[in-house]
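As given, the protein sequences belong to chains S and H, one line each in that order.
Residues 2 to 345 in my numbering are what the first sequence lists, from first letter to last.
Residues 2 to 345 in my numbering are what the second sequence lists, from first letter to last.
Protein chains: 2
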Amino acid sequence: MNSVNLKQLAQELNLSVSTVSRALRDSWEISTPTKQRVFDLAKKMNFQPNPYASSLRKHRSRTIAVVIPEVANNFFALAIKGIETVARGKGYHVLIYLTNEEVAEEVAIATSLQSGRVDGVIMSLCGSTQDTRHLLELQQRNIPMVFFDRVCEGITAPKVMTNDYESGFVATEHLLKSGCKRVAHLTIAMSLSISSKRQQGYIDALRRYDLQTDRDLIVHCGNDDAANYRMINELLSAEDRPDGVFASVEKLAVQVYHVCRELGLRIPEDVKVISFSNLVTASLLNPSLTTIAQPAYDMGKEAATLLFRRLEKKYIVVPDDRVMLPARLEVRDSTAFISAVPCH
Amino acid sequence: MNSVNLKQLAQELNLSVSTVSRALRDSWEISTPTKQRVFDLAKKMNFQPNPYASSLRKHRSRTIAVVIPEVANNFFALAIKGIETVARGKGYHVLIYLTNEEVAEEVAIATSLQSGRVDGVIMSLCGSTQDTRHLLELQQRNIPMVFFDRVCEGITAPKVMTNDYESGFVATEHLLKSGCKRVAHLTIAMSLSISSKRQQGYIDALRRYDLQTDRDLIVHCGNDDAANYRMINELLSAEDRPDGVFASVEKLAVQVYHVCRELGLRIPEDVKVISFSNLVTASLLNPSLTTIAQPAYDMGKEAATLLFRRLEKKYIVVPDDRVMLPARLEVRDSTAFISAVPCH
DNA sequence: TTTATTTACGGAAACGGTTGCGTGACGAGA
DNA sequence: TCTCGTCACGCAACCGTTTCCGTAAATAAA
Numbered sequence: 002m003n004s005v006n007l008k009q010l011a012q013e014l015n016l017s018v019s020t021v022s023r024a025l026r027d028s029w030e031i032s033t034p035t036k037q038r039v040f041d042l043a044k045k046m047n048f049q050p051n052p053y054a055s056s057l058r059k060h061r062s063r064t065i066a067v068v069i070p071e072v073a074n075n076f077f078a079l080a081i082k083g084i085e086t087v088a089r090g091k092g093y094h095v096l097i098y099l100t101n102e103e104v105a106e107e108v109a110i111a112t113s114l115q116s117g118r119v120d121g122v123i124m125s126l127c128g129s130t131q132d133t134r135h136l137l138e139l140q141q142r143n144i145p146m147v148f149f150d151r152v153c154e155g156i157t158a159p160k161v162m163t164n165d166y167e168s169g170f171v172a173t174e175h176l177l178k179s180g181c182k183r184v185a186h187l188t189i190a191m192s193l194s195i196s197s198k199r200q201q202g203y204i205d206a207l208r209r210y211d212l213q214t215d216r217d218l219i220v221h222c223g224n225d226d227a228a229n230y231r232m233i234n235e236l237l238s239a240e241d242r243p244d245g246v247f248a249s250v251e252k253l254a255v256q257v258y259h260v261c262r263e264l265g266l267r268i269p270e271d272v273k274v275i276s277f278s279n280l281v282t283a284s285l286l287n288p289s290l291t292t293i294a295q296p297a298y299d300m301g302k303e304a305a306t307l308l309f310r311r312l313e314k315k316y317i318v319v320p321d322d323r324v325m326l327p328a329r330l331e332v333r334d335s336t337a338f339i340s341a342v343p344c345h
Numbered sequence: 002m003n004s005v006n007l008k009q010l011a012q013e014l015n016l017s018v019s020t021v022s023r024a025l026r027d028s029w030e031i032s033t034p035t036k037q038r039v040f041d042l043a044k045k046m047n048f049q050p051n052p053y054a055s056s057l058r059k060h061r062s063r064t065i066a067v068v069i070p071e072v073a074n075n076f077f078a079l080a081i082k083g084i085e086t087v088a089r090g091k092g093y094h095v096l097i098y099l100t101n102e103e104v105a106e107e108v109a110i111a112t113s114l115q116s117g118r119v120d121g122v123i124m125s126l127c128g129s130t131q132d133t134r135h136l137l138e139l140q141q142r143n144i145p146m147v148f149f150d151r152v153c154e155g156i157t158a159p160k161v162m163t164n165d166y167e168s169g170f171v172a173t174e175h176l177l178k179s180g181c182k183r184v185a186h187l188t189i190a191m192s193l194s195i196s197s198k199r200q201q202g203y204i205d206a207l208r209r210y211d212l213q214t215d216r217d218l219i220v221h222c223g224n225d226d227a228a229n230y231r232m233i234n235e236l237l238s239a240e241d242r243p244d245g246v247f248a249s250v251e252k253l254a255v256q257v258y259h260v261c262r263e264l265g266l267r268i269p270e271d272v273k274v275i276s277f278s279n280l281v282t283a284s285l286l287n288p289s290l291t292t293i294a295q296p297a298y299d300m301g302k303e304a305a306t307l308l309f310r311r312l313e314k315k316y317i318v319v320p321d322d323r324v325m326l327p328a329r330l331e332v333r334d335s336t337a338f339i340s341a342v343p344c345h
């Protein structure tokens, strides 16, 4: 354990604890020679102030929490990297909590954060979150929160998002322009605003091209990979199977690839695929995957920046600003236009 | 801020602070009816004990640190997930620190951890680490450490590793058995034991097949992606280019794919590729990538388990045990055997 | 010379929970 | 009736830092 503390420094220097404390914080109340003596000894003894004593006294922990559904996913991993970069630059520490898409875990985590362990929270909701009382309670404890990507519409807080509606529209339109007549949409937890926005973009794009929305073409996937596989398999095995698939998340696109391989469907000849995704290997897939790529790293940085802006102001000035970072459409082979006569 | 504390509970109940504290910790010294009254009110007032006060007094923070080079990488992401799962199951909190492969950052992080902020550290070295004084200092502060994957041989501490030597051997042998005559090895920071072990496996496999080690076939890559690309490009552009490449990390394999595409080299006909990798999309690549997959999630869980075993014992019983979790060879198309006459 | 002001530092009370020790009440055994 | 032990709880010190005061000495102003 770290045993060198202020008292020991003070004794050694024949100073009081308060003087040493002030000297280390470079207070103007302490003379330059005294400060120098303190600095020197602190360095020599490798003094590290006890963060818990400091936090207890100051009611500030210089720690933030990041609460996300998963980490084994390029989007969230990059977001964490952005957050950590900003946080450490500001001298803050980052606690990480994974909900595993389980609302019960999200509630447990939010409840434990009420203890004041962190100065602020950066969060992306889990898919099964409906009731948001646990988040309101956090808010009532005056713990600043910032949402990113999977934002909570019911809470007044800064939010960092992408243009999900437009991206959903663009993705669908891209499939239609590439020659698709029947476009399916694979979605996740519809309680998430990103899901409904992406879906609305999908629906509106269809309407724009005078196409009806076929409820059978909207597949609601969940956290059970095997179940998702079955649903996608069923979708693509059907007589009137779609000739284009718009996946709202990466893992569903991966499943589509597997199902197509299983069923002997060719991408893009038989089915075209587009997906929200931050896969680094999108361009190396067989065929390369057309993606809607979110600026994950920048979203993380932005979320952290917004949080620190609130933490550093005494009064809350920006309670509900939204930052919109646009996603990019990256066209690749999985949506390549195929001339009328199949060349195979 | 969280304002309900023990004193308020005590006042409300006409009890002393110490009695309330003991009741909440379910001490046998407190009568059942009193405990019940305390529990009820604590629940009603949504009491959350201040973790910093507790940590200060008990010299235990129930917090661990995870220090890794990067997170946007399936291996480390999965490891984090494993660690977080175990940690939260034990009621611990997880701080995350990214070194970005910069030894200066690793030193800064290690130094800040001397403050006693965490009860223990789980670590994977950054590639540029040579001097390990910062780690020794942590150790001298009696902060238990556990290494995983990129372990530090100079420090006596539990280590969770994979069979890097054997895997390097198997990977190389697999290329040779698939028909390769000139096998190159792409490696990273040779100061890392995993790198030298994998390389030794490579060298010994060549020797086993009566092949000389050609120094030009061992390419030392770094953190500069552009520079790596150039080196790989140079390797594969040469007159006597290799017909097989064993990449020690995932990102280098991805670069090989890009270079081959650029140079018009066919995988596996012209060049076969194998790599250490945890890519979920390995089987979907064009062509699918033969990998050595490490059990990342289990390694994270194991590292956390070892750490908690040390944290929960009063006396250190297992100072330097090593856990070896074997990697799996997953054969795919990038190393497919091609019959003598090219069919293209 | 006296008084006001600044400079440089010490004393001590917080912060909130934990824990060693002390103690009154009560029942049991002698 | 007296003693002893157990039960159930209170008192207060303690963890290490911060910060509100207070104050002696030195300097400036009157």
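Where is the CB? At the ideal position from N, CA and C, for every residue including glycine.
The CB of S/Lys8 never comes closer than 8 Å to any CB in chain H; the least such distance is about 14 Å. Per DSSP, S/Ala304 lies in no beta strand (DSSP E); the unbroken alpha helix (DSSP H) holding it starts and ends at Ala297 to Glu313. Minimum Cα-Cα distance from S/Val67 among the listed residues S/Lys82, S/Ala54, S/Leu57 and S/Ser56 corresponds to S/Lys82. In this structure, H/Leu7 lies away from H/Leu42, with their beta-carbon atoms at least 9 Å apart. Residue environment for H/Asn75: buried (at least 16 other C-beta atoms within 10 angstroms of its C-beta).
DSSP places H/Arg38 outside any beta strand (DSSP E); the residue lies instead in the alpha helix (DSSP H), whose first and last residues are Thr33 to Lys45.
Of the other Cβ atoms in all chains shown, fewer than 16 fall within 10 Å of the Cβ of H/Thr157; this residue is therefore exposed. Under the 8 Å Cβ criterion, the stretch 101-111 of chain S counts as touching the stretch 121-133 of chain S, having at least three qualifying pairs. When Cβ-Cβ separations below 9 Å define contact, S/Lys82 makes contact with chain H. Any Cβ of chain H closer than 9 Å to the Cβ of S/Leu25 would place that residue at the interface, and such an atom is absent. Taking a 10 Å sphere around the C-beta of H/Gly121, we find 16 or more other C-beta atoms and assign the residue as buried.
Secondary structure note for S/Lys59: its alpha helix (DSSP H) is the uninterrupted segment Pro52 to Lys59.
Counting the other CB atoms within 10 Å of its CB gives H/His175 a total of 16 or more, which places it among the buried residues.
With 16 or more other Cβ atoms inside 10 Å of its own Cβ, H/Val95 counts as buried. Counting only residues of its own chain and dropping the five nearest sequence neighbours on each side, S/Gln213 has a CB closer than 8 Å to the CB of Leu207. Within chain S, no residue has its CB atom less than 9 Å from the CB of H/Val246, the nearest being about 15 Å off. Within the DSSP bridge table, the entry for H/Met162 names H/Met325 as partners. Taking 7 Å as the Cβ-Cβ cut-off, the stretch 51-80 of chain S approaches chain H at Asn51, Pro52, Tyr53, Ala54, Ser56, Leu57, His60, Ser62, Val72, Ala73, Asn75, Ala78 and Leu79, given in chain order. If you check each beta-carbon in the stretch 250-270 of chain H against every beta-carbon of chain S, the ones closer than 7 Å belong to Val255 and Tyr258. With at least 16 other beta carbons inside 10 angstroms of its own, S/Gly202 counts as buried.
If you draw a straight line from the Cα of H/Arg311 to the Cα of H/Pro145, it comes to about 7 Å. S/Gln295 counts as buried, since at least 16 other C-beta atoms from the protein chains shown sit within 10 angstroms of its C-beta. Residues of the stretch 101-119 of chain S whose Cβ lies closer than 7 Å to any Cβ of chain H, in chain order: Gln115, Ser116, Gly117 and Arg118. Within the stretch 280-295 of chain H, the residues whose Cβ lies closer than 9 Å to some Cβ of chain S are Leu280, Val281, Thr282, Ala283, Ser284, Leu285, Leu286, Asn287, Pro288, Ser289 and Leu290, listed in chain order. In the displayed model, S/Ala248 falls within a strand according to three-state DSSP. The DSSP-derived three-state label of S/Tyr230 is helix. For the C-beta of S/Gln49, the chain H residues within less than 7 Å are, from N- to C-terminus, Gln115 and Ser116. Chain H has no Cβ within less than 9 Å of the Cβ of S/Val122. Out of S/Phe48, S/Lys198, S/Ile31 and S/Leu326, the CA that lies nearest to the CA of S/Phe149 is found in S/Leu326.
Per DSSP, reduced to three states, the secondary structure at H/Phe48 is coil, with no helix or strand assignment. Using a Cβ-Cβ cut-off of 9 Å, H/Val95 counts as an interface residue toward chain S, since at least one Cβ of chain S sits closer than that to its own. Rounded to whole angstroms, the separation of the alpha carbons of H/Ala73 and H/Leu280 is 11 Å.
Residue pairing by DSSP places H/Met191 opposite no residue, since no beta bridge is assigned to it.
Where S/Ser19 is concerned, the enclosing alpha helix (DSSP H) starts and stops at Val18 to Leu25. The beta carbon of H/Arg89 falls within 9 Å of a beta carbon belonging to chain S, placing the residue at that interface. Between H/Arg183 and H/Leu218, the gap from beta carbon to beta carbon is short of 9 Å.
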